[in-house]
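Asks: For the sequence shown, the positions run 359 to 580 when the working numbering is used. Beta carbons: idealized from backbone N, C-alpha and C, even for Gly. All values derive from a computational prediction rather than experimental measurement. Can you read through this structure? Questions will come right after.
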Amino acid sequence: MIARHLIAAGAVILLLVGIVPPKPASADEIAPRAEAFITRLADDAISKLTDNKVSADEQETRFREIMREYVAFQTIARWVLGGRYWRAANDAQRERYLSLFEQLMVATYAHRFQNYSGETLEVDSVQKIDDAQALVRTTLMRPNADKPLRVDWRVRATEDKIKVIDIMVEGLSMAQTQRSEFSSVLRANGGDVDALMADLETRLQAARKERIAINQEAAKKP
């Protein structure tokens, strides 16, 4: 269920307006670095997140650590909100928004690794986008499903690190989907960022209730 969990982080296709781009990595390095990075991400997620013996809180802690290490979380969160809304928000609003965004992603997706049933991620190809970005095309092999799932990862590299900036499942950009949802809420409330955050609070509480229900159901199983 690798795809579903990393979807939690959301995705971006373009860099945020106003962000200074980091120094790009060598063009000769981006493709092999990107492939090795996605392979390591998948292995790390499986090894750390599929232990059903850990508590729900520990599961969330591990998922948060994975997300922060491999995903350009703040860049994604800012892009999903939209440049003009981010610029219009004050420091307190920005801090609250980033916190809610992360909490919601963790609460929504961390527990789903409990359903892991031998899925594996196979790298099919790596397409260089530019000197600092690549698209890693993969297939999620699912033993208990009718067919595998196509998952494409857009990554961006600097000299010392590489991060996921977009995930597309069967061609659907997760960040674009999330951005559309947030934009709809903002438009319905006259661009009020506080109204969006109230909506995120509601989603967060619902996700936490769902997690509790899932954990209670899992505890009943022999």
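Starting from Gln-432 and walking both ways along the alpha helix (DSSP H), at which residues does that stretch end?
Replies: For the purposes of this step, residue 432 is taken as residue 74 along the sequence shown, with counting starting at 1. Its alpha helix (DSSP H) spans residues 431 to 439.
Asks: Should Gln-417 go down as buried or exposed, given a rule of 16 or more other Cβ atoms within 10 Å for buried?
Replies: Along the sequence shown, one-based indexing puts residue 417 at 59. With 16 or more Cβ atoms within 10 Å of its Cβ, Gln-417 is classed as buried.
Asks: In three-state DSSP terms, what is Ile-347?
Replies: Nothing about residue 347 can be reported from this structure: the residues present for the chain run from 359 to 580 only.
Asks: Go through its chain and collect everything with a Cβ distance to Ser-541's Cβ below 8 Å, but skip five positions before and after it.
Replies: The residue you call residue 541 lines up with position 183 of the sequence shown. If we look at Ser-541 and ignore the five residues flanking it on each side, its Cβ neighbours are Gly-440.
Asks: Taking a contact to mean a Cβ-Cβ separation below 8 Å, would you say Val-494 touches Asp-510 in this structure?
Replies: Indexing the sequence shown from 1 puts residue 494 at position 136. Indexing the sequence shown from 1 puts residue 510 at position 152. The answer is yes: Cβ separation under 8 Å.
Asks: Can you give the Cα-Cα distance for Lys-486 and Val-522, rounded to whole angstroms?
Replies: By one-based count along the sequence shown, residue 486 stands at place 128. By one-based count along the sequence shown, residue 522 stands at place 164. Those two C-alpha atoms are separated by around 14 Å.
Asks: Would you grab the beta carbon distance between Trp-437 and Ala-533 for me? Rounded to a whole angstrom, and I think it's under 8 Å.
Replies: Locating residue 437 in the sequence shown gives position 79, counting from the first residue. Locating residue 533 in the sequence shown gives position 175, counting from the first residue. Confirmed, Cβ separation roughly 6 Å.
Asks: Assuming contact is defined by CB atoms lying nearer than 8 Å, are Met-555 and Tyr-455 in contact in what I supplied?
Replies: Here residue 555 refers to the residue found at position 197 when the sequence shown is read from its first residue. Here residue 455 refers to the residue found at position 97 when the sequence shown is read from its first residue. Yes; because the gap between Cβ atoms is below 8 Å, this pair is in contact.
Asks: So is Gln-574 buried or exposed if we call it buried at 16+ other beta carbons inside 10 Å?
Replies: By one-based count along the sequence shown, residue 574 stands at place 216. It is exposed - the Cβ of Gln-574 has fewer than 16 other Cβ atoms within 10 Å.
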